[in-house]
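Written below as structure tokens is the structure these notes are about.
Numbering (my numbering), first residue to last: 15 to 270.
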């Protein structure tokens, strides 16, 4: 069985040994959905080659985006800012959006990154604007559950098959002004935007919550990854046809 390669951008360099890292849940859920995870180190320079090699892309969670990217100012609650990762993922997101055959799923920070890359901005600290009616993370930056309501006419709504969902969140920032070509399609009870979709790209979906944490126990959340992998197979088939016509083999994962 041949499986599509799903690129997942890594966290920025961190720690004494300057390690690129990624929570294992992203790897596990991609494998569960039938894809092969390929971790993309957060370094600029190899983006065109990376996008030619993969068949789908995940922009995952992580630390805050430098407010300088959207005309904001630093907040006392900011953490984990990585200029190297910001630069890499901004370029990666914009290059991916220029490829209509490349499916993209953005999660938590990834959704915020997508919004900023398209000219939008962020709410620097949710309690400052929305109060504390809904907890979006625990003080120790651990997941917390809350409900979201989903636009039933949206692609995410159709895919999940529900207008309400209990999700796991770990964030203190949120999407503010929407970037070009994005529309909000889900909200928490305090009206924080919880999901957006591209109106210009066939498959760019973004959620503020962490579906990789719920996918093992909630089949609905796993559908986000199942659909990403299914769409990626179409890109794989196309890349393989092009490679064959030029007498070369496309990168694949062949598992017997």
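By construction, the Cβ of each residue, glycine as well, lies at the ideal position given by its N, Cα and C atoms.
Treat the numbers as computed from the prediction; the structure is a model and nothing was measured.
- In the DSSP annotation of this structure, the continuous segment of the beta strand (DSSP E) that includes residue 164 starts and ends at 158 to 164.
- According to the DSSP secondary-structure assignment, residue 212 is paired through a beta bridge with 196.
- Residue 99 counts as buried, since at least 16 other C-beta atoms from the protein chains shown sit within 10 angstroms of its C-beta.
- When the Cα atoms are used, residue 173 and residue 219 turn out to be separated by approximately 11 Å.
- With a minimum length of 3 residues, the unbroken runs of beta strand (DSSP E) contained wholly in the stretch 84 to 162 fall at 118 to 121.
- The three-state reading of DSSP puts residue 203 in coil, since its state is none of H, G, I, E or B.
- Going by C-alpha positions, residue 249 is about 23 Å away from residue 225.
- A Cβ-Cβ separation of about 6 Å places residue 137 in contact with residue 187 under the 8 Å criterion.
- Put simply, the backbone Cα of residue 234 is about 13 Å away from that of residue 164.
- The three-state secondary structure of residue 68, taken from DSSP, is coil.
- Annotated three-state conformation of residue 235 is helix, per DSSP.
- The criterion of a C-beta distance shorter than 8 Å is not satisfied by residue 159 and residue 178.
- Going by DSSP, residue 22 is part of the beta strand (DSSP E) stretching over 19 to 23.
- Taken through DSSP and simplified to helix, strand or coil, residue 180 comes out as strand.
- Burial state of residue 52 is buried, judged by a 10 Å Cβ sphere holding 16 or more other Cβ atoms.
- Here the alpha carbons of residue 142 and residue 18 stand approximately 42 Å from one another.
- In the structure shown, residue 50 adopts extended strand secondary structure according to DSSP, grouped into three states.
- For residue 219, the uninterrupted beta strand (DSSP E) segment begins and ends at 218 to 221.
- In the pairwise beta carbon analysis, the stretch 199 to 208 is classified as not touching the stretch 89 to 109: fewer than three pairs are separated by under 8 Å.
- Between residue 65 and residue 131, the C-beta gap is not smaller than 8 Å, which leaves the two residues out of contact.
- Annotated three-state conformation of residue 189 is strand, per DSSP.
- When beta bridges are read from the DSSP output, residue 73 appears opposite 120.
- Taking the Cβ atoms as the reference, residue 73 lies roughly 6 Å from residue 107, within the contact range of under 8 Å.
- Looking at the backbone, the Cα of residue 227 and that of residue 39 are separated by about 7 Å.
- Here the alpha carbons of residue 61 and residue 44 stand approximately 21 Å from one another.
- With contacts defined as CB atoms closer than 8 Å, residue 189 and residue 134 qualify as a contacting pair.
- Residues of the same chain with a CB within less than 6 Å of the CB of residue 214, apart from the 5 flanking positions on each side, are 195 in chain order.
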